[in-house]
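In the working numbering, the protein residues as written are 3 to 173.
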């Protein structure tokens, strides 16, 4: 039997739900102003502004297993850049530096004016001799989540693909 305890604002009363297979879900009131937490889910933190969270050097959170292993994000003279390194042949390979565009959600999404207008995402494109890489960035707790969409342009017949990487900020 799996029992999950979630905390919601104090206005929520104690509720016990019977689920299929005999499992129960218990909802408990939490201290006022405390975020919802769960024993089976990773605790979420508010999404920081990209301008505050993105700059710096990031390394792959799960070690060097291939693909993109390190990135450097900078804002110089109001121009955002991102540089990436990949793993290949036992060494890091510089993928080059390109511009980084910061993005926000659609203007109607968000509870406050700040949430509606703040940049939360990044987008970059690398153009290589054999492929284009379209990359998206976003924060998830203290991790930088990077998704790469690789489109091969060399008529090699290789399938296009998507990769997902989690980076942690280098201290």
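Each residue gets a CB set at the ideal place from its N, CA and C atoms; glycine is no exception.
Classification of residue i by the beta-carbon crowding that lies within 10 angstroms, buried from 16 upward
i: residue 129; result: exposed
i: residue 153; result: exposed
i: residue 33; result: With a pLDDT of 40 at residue 33, under the threshold of 50, the modelled position of that residue is not reliable, and the figure given next carries that caveat. Counting Cβ neighbours within 10 Å, residue 33 comes out exposed, since fewer than 16 surround it.
i: residue 72; result: buried
i: residue 93; result: exposed
i: residue 95; result: exposed
i: residue 124; result: buried
Residue span of the beta strand (DSSP E) that contains residue i, given as start and end
i: residue 78; result: 69-78
i: residue 81; result: 81-90
Reference residue i; option with closest CA among the options
i: residue 53; options: 61, 104, 69 and 79; result: 104
i: residue 133; options: 113, 164 and 142; result: 164
i: residue 155; options: 108, 147, 90 and 136; result: 136
i: residue 158; options: 139, 148, 172 and 131; result: 131
i: residue 58; options: 48, 75 and 51; result: 75
i: residue 166; options: 173, 151, 160 and 172; result: 151
i: residue 171; options: 60, 51 and 55; result: 60
Per DSSP, the bridge partner or partners of residue i
i: residue 61; result: 72 and 170
i: residue 93; result: 90
Subject >> Within the region 95-172, ranges of the alpha helix (DSSP H) (whole runs, at least 4 residues) >> reply: 115-119
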